[in-house]
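To keep things clear, I will list the structure first and then write my remarks on it.
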Amino acid sequence: MVKKINHIAIIVEDIEKSLVPYKQGLGLKPTDVEYVESYDVRVAFLPIGDTQIELVQPMGNDGDLVEFLKKTGGGLHHIALEVEDIHQTIHRLDQAGIPLKDRSTQKGAHNSTVTFAEQTGFDGVVIELVEPAK
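This is the structure:
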């Protein structure tokens, strides 16, 4: 079951530089900057009500996010939906024929469990499934 929008992710080249307009222009305060080893990225979260904007900075020299950054210069990448049971949700998407990038899960920011659905399953939008740490 989907509970809420957990965050909206934006790919950036430099988190510190990208945080400036959110902090100075919008008055948003990041909760933390964290390295997520499973995806080799640095992330910063900016709370807005009960959701967040996540800035994602790829750290390596290759991979999907680096290619996205090279191709687009950065920008909106995905919408993350918080789910009650990620494995049940993966099974449901699989049964519905919705393609997943990976049927296994990874460790995400804040010790959450995450996986991604392919954008072809959601009219061009990448959807991340997030089950927060318990």
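For the sequence shown, the working numbering gives the first residue as 13, with consecutive numbering after it. Every residue gets a Cβ at the ideal spot worked out from N, C-alpha and C, and that includes glycine.
Which term fits residue i, buried or exposed, when burial requires 16 or more other beta carbons within 10 angstroms of its beta carbon?
{"i": "Thr43", "result": "exposed"}
{"i": "Glu66", "result": "buried"}
{"i": "Val32", "result": "exposed"}
{"i": "Tyr47", "result": "exposed"}
{"i": "Glu2", "result": "Because the chain in this structure spans residues 13 to 146, residue 2 falls outside the shown range and cannot be described."}
{"i": "Thr84", "result": "exposed"}
{"i": "Ile60", "result": "exposed"}
{"i": "Ala145", "result": "exposed"}
{"i": "Asn123", "result": "exposed"}
{"i": "Leu88", "result": "exposed"}
{"i": "Val14", "result": "exposed"}
{"i": "Gly120", "result": "buried"}
{"i": "Arg115", "result": "exposed"}
{"i": "Asn73", "result": "exposed"}
{"i": "Glu143", "result": "buried"}
Would you list the residues sitting across from residue i in a DSSP beta bridge?
{"i": "Pro70", "result": "Val53"}
{"i": "Gly87", "result": "Ile23"}
{"i": "Pro59", "result": "Gln64"}
{"i": "Lys29", "result": "None; Lys29 has no bridge partner."}
{"i": "Val142", "result": "Glu94, Val126"}
{"i": "Lys16", "result": "Glu94"}
{"i": "Glu46", "result": "Val55"}
Pop quiz: residue i and residue j are said to be a contact at Cβ under 8 Å. What is the actual Cβ separation, rounded to whole angstroms?
{"i": "Ile20", "j": "Gln69", "result": "Not confirmed; about 16 Å, so no contact."}
{"i": "Gly136", "j": "Pro111", "result": "The pair is not a contact, with the Cβ atoms about 13 Å apart (cut-off 8 Å)."}
{"i": "Gln118", "j": "Tyr51", "result": "7 Å"}
{"i": "Val138", "j": "His90", "result": "4 Å"}
Validate contact between the region 28-45 and the region 88-96 using beta carbons, cut 8 Å, 3 pairs: no
Stretch-stretch touch, CB-based, cutoff 8 Å, three pairs: the region 65-82 with the region 100-110: no
3 or more residues per run - each beta strand (DSSP E) lying fully within the region 95-139: 125-129
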